[in-house]
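K.L.:
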Amino acid sequence: MQVEISLQRDRHNMGRRYVEVFRCSKQDYYNAVAAEEGAYEYEARASPPPTVPSRAKRFSEKEKLEYTEVLKMRGLPYSVNKPQIIEFFSGYKVIEGRVQVVCRPDGKATGEAFVEFETGEEARRAMAKDKMSIGSRYVELFPTTREEARRAEARSRQ
């Protein structure tokens, strides 16, 4: 019952931060705890523990995902606008009319956006921008679907 109650807090704010809540396996939880502990040990020992996945490994995990033409951006500055997102992806074939900054029903930005590229392969290439910054914020990229982008757009209009 606590899990179900917790899942209802998905896409709410904790203080000034937007939070996503989702189900995961026990192994995912254990890996996250090990990585957290490993990060602490890393500072103390100055050698990376084997349980902490490297950035290259995390990126390769995203490489294995199935790509459509759409990427989800997370961690954006709340003041970001469509031209800034298009500039972020300069050199990649973004469909300019298909850049969507997600807003809450009150019109405030959530820190997320959806960007559609000309092809799935172009979206895969654009993943090279994962963890790069817009302003002072680093941005995470995730492959997603047009359907998820449509749902986010519908929520923004409510």
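In the working numbering, the protein residues as written are -8 to 149.
Heads up, the beta-carbon is just placed ideally off N, CA and C, and yes, glycines get one too.
All of these numbers come straight from a predicted model, not from anything done at the bench.
#1: Note down, in chain order, each residue of its chain lying with its Cβ closer than 8 Å to the Cβ of F217, except the 5 sequence neighbours on either side.
#2: Are there 16 or more other CB atoms within 10 angstroms of the CB of A107, so buried, or fewer, so exposed?
#3: Nearest CA to the CA of D1: which residue from M64, P68 and E11?
#4: Does DSSP put N72 in a helix, in a strand, or in coil?
#5: Kindly indicate which three-state DSSP category R36 falls into: helix, strand or coil?
#6: Between Y83, C94 and G82, which has its C-alpha nearest V71's C-alpha?
#7: When DSSP labels each residue in this structure, what does V130 get in the three-state scheme?
P.N.:
Looking at the atomic coordinates:
#1: Within the shown structure, residues of the chain are numbered from -8 to 149, placing residue 217 beyond reach of any answer.
#2: This sequence places Glu at residue 107; Ala is not what is there. With 16 or more other Cβ atoms within 10 Å, it is buried.
#3: E11
#4: coil
#5: Because R36 carries a pLDDT of 43, less than 50, the predicted location of this residue cannot be relied on, and the following value inherits that uncertainty. Helix, per DSSP.
#6: C94
#7: coil
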